[in-house]
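Heads up: the sequence shown begins at 5 in the numbering used here, then just goes up one per residue.
For each residue, glycine too, the CB sits at the ideal point set by N, CA and C.
Structure record follows, encoded as structure tokens.
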Amino acid sequence: MSTQTFDAAEAETLRFGYGTTTLGTIVIAEGTRGIAALFIGDDRAQLLRELRDAFPGAGLVLDQTGLAQAIAKAIALVDAPQLATDLPLDLRGSPLEVAVWNALRAIPAGETRSYGAIAQGLPMTATAQEVGAACAANRIAVAVPCHRVVKADGSISGYRWGVQRKRRLIDMEGVA
């Protein structure tokens, strides 16, 4: 898994493809270092716009057939978020964002953590608000489980792919 900061000016090609899950349509994008995006939505055209916005300057090539195995694994993960995945992830962000995303990946399925608890456990100084911003910047739904982060009182707050999806993912994992 790559954890390098990505230079947006670097020219690259991302292959992408779509799938259908119990939570809606997904689009995944893969570069040379692994899965760079897994978005969940309701509309393929909107997901493609979001993908273009997330990777400005990247060439996007639809490769449904070439990504069939990765798409199947992504669908399985979204439909059963408590299961581990072996999808290679290409985490692209600042050092703080990558630290937050790695901390999220360490949260066991079926458990949640507060934004503040994540901040306190990081190898660098961060606030709960910075953890929230890192969650909002996450481009890899479910495999980087931002849905496992809740407010200090245990209530659900924002989620890039919709609070209703966050609630469903938490419920699917059996969190009380």
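Contact set for residue i: own chain, Cβ-Cβ below 7 Å, skip 5 residues either direction
i      : result
Thr131 : Ala123
Ile144 : Ile39, Ala41, Leu42 and Leu93
Through-space distance from residue j to residue i, alpha-carbon basis
i      : j      : result
Ala141 : Glu101 : 8 Å
Thr9   : Leu66  : Only weak support is given to the placement of Thr9: the predicted model assigns it a pLDDT of 42, under 50, and the question is left unresolved by the model.
Gly190 : Ala110 : Outside the displayed span of the chain (5 to 180) sits residue 190, for which this structure offers no information.
Thr25  : Asp94  : 22 Å
Asp46  : Val104 : 27 Å
Ala113 : Ala80  : 15 Å
Met176 : Arg169 : 10 Å
Nearest neighbour of residue i, chosen from the options [CA to CA]
i      : options                        : result
Gly166 : Tyr22, Ala110, Thr17 and Gly28 : Gly28
Lys77  : Ala58, Arg171, Val31 and Gly45 : Val31
Phe43  : Cys150, Ile174 and Glu177      : Cys150
Glu16  : Asp57, Gly63 and Glu34         : Gly63
Arg164 : Ala84, Cys139 and Ser98        : Cys139
Leu108 : Gln73, Val135, Arg96 and Gly70 : Val135
Ala74  : Thr129, Pro127 and Ala147      : Ala147
Cβ shell of residue i (< 8 Å), same chain only, five flanking positions each side left out
i     : result
Arg48 : Tyr22, Thr29 and Val31
* Within the segment 80-126, ranges of the alpha helix (DSSP H) (whole runs, at least 4 residues) -> 99-109 and 119-125
* Touching by the beta-carbon criterion (3+ pairs, under 8 Å), the segment 82-90 and the segment 154-161 -> no
* Asked: With a cut-off of 8 Å, do at least 3 Cβ pairs link the segment 112-119 to the segment 44-54?
  -> no
* **3 or more residues per run - each beta strand (DSSP E) lying fully within the segment 26-56** => 28-35 and 38-45
* Asked: Along the chain, which unbroken stretches of the alpha helix (DSSP H) at least 4 residues long are found entirely within the segment 126-171?
  -> 132-141
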